[in-house]
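*Asks:* Mind having a look at this structure? Questions to follow.
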Amino acid sequence: MTKTQLGGVTMQDSESQANNMTRRGAMTIAGATIATATIPTAGTVLAQSAQGIAAPSEETRSASTVGNSVKLMHKRVKTNGVTLHYVTVGRGPVVLCMHGWPQNHREFLPVMERLADSFTFIAPDLRGYADSDKPYDGYEPKTIAQDMIGLLDAENVTRFHILSHDLGGPPSVALAYLASNRAWSLATIETPFFGLSFPGYVDPRVTYWHLGMHMNMDVTRFLVEGREEQYLRHFFRDFAYNPDGLSEEEVQFYVMQMRQPGNLRASLNHYGYIPQMADQTKELTRSKLAVPMLAWAGRRSFGDHCINSAKAIASNAEGGVIEECGHWVFEEKPDFIVGQLSQFWQRHS
Numbered sequence: 002m003t004k005t006q007l008g009g010v011t012m013q014d015s016e017s018q019a020n021n022m023t024r025r026g027a028m029t030i031a032g033a034t035i036a037t038a039t040i041p042t043a044g045t046v047l048a049q050s051a052q053g054i055a056a057p058s059e060e061t062r063s064a065s066t067v068g069n070s071v072k073l074m075h076k077r078v079k080t081n082g083v084t085l086h087y088v089t090v091g092r093g094p095v096v097l098c099m100h101g102w103p104q105n106h107r108e109f110l111p112v113m114e115r116l117a118d119s120f121t122f123i124a125p126d127l128r129g130y131a132d133s134d135k136p137y138d139g140y141e142p143k144t145i146a147q148d149m150i151g152l153l154d155a156e157n158v159t160r161f162h163i164l165s166h167d168l169g170g171p172p173s174v175a176l177a178y179l180a181s182n183r184a185w186s187l188a189t190i191e192t193p194f195f196g197l198s199f200p201g202y203v204d205p206r207v208t209y210w211h212l213g214m215h216m217n218m219d220v221t222r223f224l225v226e227g228r229e230e231q232y233l234r235h236f237f238r239d240f241a242y243n244p245d246g247l248s249e250e251e252v253q254f255y256v257m258q259m260r261q262p263g264n265l266r267a268s269l270n271h272y273g274y275i276p277q278m279a280d281q282t283k284e285l286t287r288s289k290l291a292v293p294m295l296a297w298a299g300r301r302s303f304g305d306h307c308i309n310s311a312k313a314i315a316s317n318a319e320g321g322v323i324e325e326c327g328h329w330v331f332e333e334k335p336d337f338i339v340g341q342l343s344q345f346w347q348r349h350s
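In structure tokens, the structure reads:
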């Protein structure tokens with residue numbers, strides 16, 4: 002194990018190993034029903050499957066262009082009892098993106114815009130968020146991991162990287178365990194880890210005010226409903242190093258999302274299920290994760306909690322702490338984190 006300084010970042014590494022990759026690009030449905038609205042936007046059209054199901058046409062209707070001319074394909078899939086909205090873009094090895102609260106697939110746009118020429122991104126709105134279903138239950142890490150497996154099967158993806166942020170992290174760990182023969186790597190950014198036990202470990206619920214508050218979902222709804230903009234503005238600024246790290250456009254987008262019927266109630270379930278999150282993480286991590294793991298966090302937010310937790314979880318862990326950065330790493334330090342992710346994925350594809 003070595004520790005180095007890189008561009009104002011404290012970095013800790015352990016030896017990594019590469020895996021061979023395979024991706025099938027057909028529209029075969031494996032345990033899920035998929036409805037496509039557009040086609041892959043980097044010019045990749047899914048091949049015809051062995052069952053003779055045709056790939057979607059490049060002339061289908063609902064592509065959206067964002068940022069640096071990145072054209073997203075919007076899709077929906079019914080899997081594990083819920084319908085998920087998701088976007089795809091790019092070409093190359095697949096990266097499955099699992100967002101946190103109060104965001105959605107959009108938080109990964111800074112990564113997609115920079116790396117769509119090298120990687121294929123699949124970014125869902127997780128259950129309970131945005132344009133995906135908002136059930137009253139099923140927010141355990143293993144259940145969400147099964148949502149993701151169904152989505153990947155519907156896209157005929159055999160091997161993939163996992164990228165997660167915030168509360169997308171615990172279910173991404175569950176996915177890495179449940180699909181360890183398919184996952185090339187796991188990258189967790191600014192993730193609170195519950196249910197671990199190692200010297201110096203502190204449960205994030207002890208340290209961070211919002212976790213206990215959001216777990217009390219009824220009180221949070223009483224305080225926030227009708228005041229979504231005021232609360233989210235405070236939330237984004239309070240966990241940022243640069244208070245203006247998120248653009249006004251992004252803030253307004255998430256305010257609009259949180260005002261959608263059922264969104265606040267459903268998305269808070271990801272906090273309400275933290276006790277189950279802790280129990281399942283404790284169970285899964287009794288054995289070391291064999292999938293290579295990367296963990297980064299902002300100095301002003303989770304700090305070394307993330308890399309120390311990753312070392313306790315995985316036999317091959319690397320990452321560190323990003324100086325002058327808060328919780329919103331993709332918006333606050335996009336060039337740095339994209340560079341780290343690209344190098345990590347290239348080594349493990």
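Okay, so the sequence shown: first residue is 2 according to the numbering used here, each after it adds one. For every residue, glycine included, the Cβ atom is placed at its ideal position computed from N, Cα and C.
Looking only at its chain, what residues have a beta carbon closer than 8 Å to the beta carbon of leucine 290, apart from the 5 residues adjacent to it on each side?
*Replies:* What you label residue 290 is simply residue 289 of the sequence shown in a count that begins at 1. Excluding positions up to five away in sequence, the list reads Val174, Ala177, Tyr178, Ser181, Leu187, Ile314, Ala315, Ser316.
*Asks:* Buried or exposed: which applies to threonine 89, given that a residue is buried once 16 or more other Cβ atoms fall within 10 Å of its Cβ?
*Replies:* Within the sequence shown, the letter at position 88 stands for residue 89. Residue environment: threonine 89 is assigned as buried (16 or more neighbouring CB atoms within 10 Å of its CB, all protein chains considered).
*Asks:* Go ahead and label glutamine 52 buried or exposed: buried means 16 or more other beta carbons lie within 10 angstroms of its beta carbon, across all protein chains shown.
*Replies:* Numbered from its first residue, the sequence shown carries residue 52 at position 51. Because the pLDDT at glutamine 52 is just 28, under 50, the model does not fix this residue reliably, and the value given afterwards should be weighed accordingly. Label assigned to glutamine 52: exposed.
*Asks:* Could you give the residue range of the alpha helix (DSSP H) that holds cysteine 326?
*Replies:* Counting from one through the sequence shown, the residue named residue 326 turns up at place 325. Run containing cysteine 326: none; DSSP gives neither H nor E here.
*Asks:* Is the Cβ-Cβ distance between histidine 100 and glutamate 191 less than 7 Å?
*Replies:* Looking up residue 100 in the sequence shown gives position 99. Looking up residue 191 in the sequence shown gives position 190. In this structure, glutamate 191 does not lie closer than 7 Å to histidine 100 by Cβ.
*Asks:* Would you report the Cα separation of glutamate 250 and arginine 107, rounded to the nearest angstrom?
*Replies:* The residue you call residue 250 lines up with position 249 of the sequence shown. The residue you call residue 107 lines up with position 106 of the sequence shown. Between glutamate 250 and arginine 107, the C-alpha separation is close to 12 Å.
*Asks:* What does the alpha-carbon distance come out to for the pair proline 142 and asparagine 243?
*Replies:* Sequence index remark: in the sequence shown, residue 142 carries index 141 (1-based). Sequence index remark: in the sequence shown, residue 243 carries index 242 (1-based). Cα to Cα, the separation comes out at about 31 Å.
*Asks:* Classify histidine 100 as helix, strand or coil using the three-state DSSP reduction.
*Replies:* Against the sequence shown, residue 100 aligns to sequence position 99. Coil, per DSSP.
*Asks:* Which ranges does the alpha helix (DSSP H) cover as unbroken runs of at least 4 residues, wholly within the region 77-126, from first to last along the chain?
*Replies:* 110-116
*Asks:* By DSSP, does threonine 45 sit in helix, in strand, or in coil?
*Replies:* Residue numbering aside, residue 45 sits at position 44 when the sequence shown is read from its first letter. Residue placement at threonine 45 cannot be trusted, given a pLDDT of 35 that sits under 50; what the coordinates show is reported in the next sentence. Coil, per DSSP.
*Asks:* Rounded to a whole number of angstroms, what is the C-alpha to C-alpha distance between glycine 342 and isoleucine 308?
*Replies:* Taking the sequence shown and counting its residues from 1, the one referred to as residue 342 is at position 341. Taking the sequence shown and counting its residues from 1, the one referred to as residue 308 is at position 307. Reading off the sequence shown, one finds leucine at residue 342, where the question assumed glycine. Each residue's CA atom was taken as its position, placing leucine 342 and isoleucine 308 some 15 Å apart.
*Asks:* Let me make sure I understand the geometry here. Which of Asp280, Arg301, Val252 has the alpha-carbon closest to that of proline 172?
*Replies:* In the sequence shown, counting from the first residue as 1, residue 172 sits at position 171. Selected option, being the one with the closest Cα: Asp280.
*Asks:* Helix, strand or coil: how does DSSP classify glutamate 319 here?
*Replies:* Here residue 319 corresponds to residue number 318 of the sequence shown, with the count starting at 1. Note: glutamate 319 maps to strand in three-state DSSP.
*Asks:* When DSSP labels each residue in this structure, what does leucine 164 get in the three-state scheme?
*Replies:* What you label residue 164 is simply residue 163 of the sequence shown in a count that begins at 1. Strand.
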